[in-house]
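Asks: First, the structure itself, so that you have it in front of you.
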Amino acid sequence: MALADGRFDLIETMAFDPLEGIRLLERHLARIKASADALGFHIDRHDVRNELQAATFRLRGRSRVRLMLSRGGAIAIEVRGHLGWPDPIMKVAAVPRHAPADDLRLLHKTSDRSLYKDALKRGGTYEVLLIDAQGYLTEGCFSSIFVERGDKLVTPPLSRGILPGILRQSLIDMGEAIEGDLRPYDLERGFFIGNAARGMAAATWSR
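Last residue of the sequence shown: number 413 in the working numbering, and the count goes up by one each step with no gaps.
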């Protein structure tokens, strides 16, 4: 599914629950609005909300809802079955990130996934973590990174050039996570990966 009135479209992927509705909806709407404003996309949050309501009104099971917004403001919504993590403990690889921290593809969730597809191909695992030019971990190709330190989760800072993840920011706002630089060796004893659509999963390095 694509909206062909620009080089790329903005995307939000959300989790729907029959009892809760779309989880963290306001955060998703705020993020796509911020991206739209920054990149010159037209957006009407009222229209987006109405379209999402219409698309999910009759759903009776857990689902994944994908919203796409074109530069001109056209909306497309795709609903599929819930998609979780395939393994209880995910084995992941890490590869160098071939983009600077200010690359727009890193800062906004768009339909241009070429950077991430390349990393997944190089890493060869279901999820692959990215390492910046200074040797710091940034994020996964579709998840945020978390490691336990005391009673907090530490996650890489936005200044490293990462997507402002919905789950990530929710945990920070609740006081459960803090920002901090991480290198690959900081994850040797295990870590977590997660996003708003799939939730959290334990992870370890693939060997």
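For every residue, glycine included, the Cβ atom is placed at its ideal position computed from N, Cα and C. Quantities reported herein were computed from a predicted structural model and do not represent experimental measurements.
1. Would you kindly report the start and end of the unbroken alpha helix (DSSP H) that includes K358?
2. Kindly list the residues whose CB is nearer than 7 Å to the CB of Q340, restricted to its own chain and excluding five residues on each side of it in sequence; keep chain order.
3. Taking only the alpha-carbon atoms, compute the straight-line gap between D338 and A300 and give it to the nearest angstrom.
4. Buried or exposed, going by whether 16 or more other CB atoms sit within 10 Å of the CB of E394?
5. In the DSSP assignment, what are the bridge partners of N401?
6. Please work out which residues of its chain come closer than 7 Å, Cβ to Cβ, to I295, disregarding the five sequence neighbours upstream and downstream, and give them in chain order.
7. May I ask you to report which of helix, strand or coil DSSP gives A240?
8. Can the beta-carbon of G400 be found closer than 7 Å to that of L373?
9. Taking all protein chains shown into account, do 16 or more other C-beta atoms lie within 10 angstroms of the C-beta of H304, making it buried, or fewer, making it exposed?
10. Report, in whole angstroms, the separation of the C-beta atoms of L321 and G367, which I expect to be a contact under 8 Å.
11. Whole angstroms is fine: what's the gap from K297's alpha carbon to G346's?
12. Do H288 and R272 come within 7 Å of each other at the CB atom, strictly closer than that value?
13. With distances taken from CA atoms, which of G356, F263, E232, S241 is nearest L225?
14. Can you tell me where the alpha helix (DSSP H) with S320 in it begins and where it stops?
15. Please report the straight-line C-alpha distance between L377 and G279, rounded to a whole angstrom.
16. Anyone know if the C-beta pair for S317 and I217 falls short of 7 Å?
17. Put I417 into one of helix, strand or coil per three-state DSSP.
18. Output needed for R389: all residues of its chain with C-beta closer than 7 Å, excluding positions within five of it in sequence on either side, in chain order.
19. DSSP state of A208, grouped into three classes?
20. So what's E232 in DSSP terms, helix, strand or just coil?
21. What are the partner residues of M274, as DSSP defines its beta bridges?
Replies: In short, the structure shows the following:
1. Run containing K358: none in the alpha helix (DSSP H); it sits in the beta strand (DSSP E), 358 to 361.
2. none
3. 11 Å
4. exposed
5. G405
6. A408, A409, T410
7. helix
8. yes
9. exposed
10. Not quite, the Cβ-Cβ distance comes to about 11 Å (not below 8 Å), so this is no contact.
11. 12 Å
12. no
13. F263
14. 320 to 329
15. 30 Å
16. yes
17. Any property of residue 417 remains undetermined from this structure, which presents the chain solely from 207 to 413.
18. G341, Y342, L343
19. Reliability of the predicted coordinates at A208 is poor, the pLDDT of 43 falling under 50, and the value obtained from them is presented with this limitation in mind. In the structure shown, A208 sits in coil (DSSP, three-state: anything other than H, G, I, E or B).
20. helix
21. I217, A282
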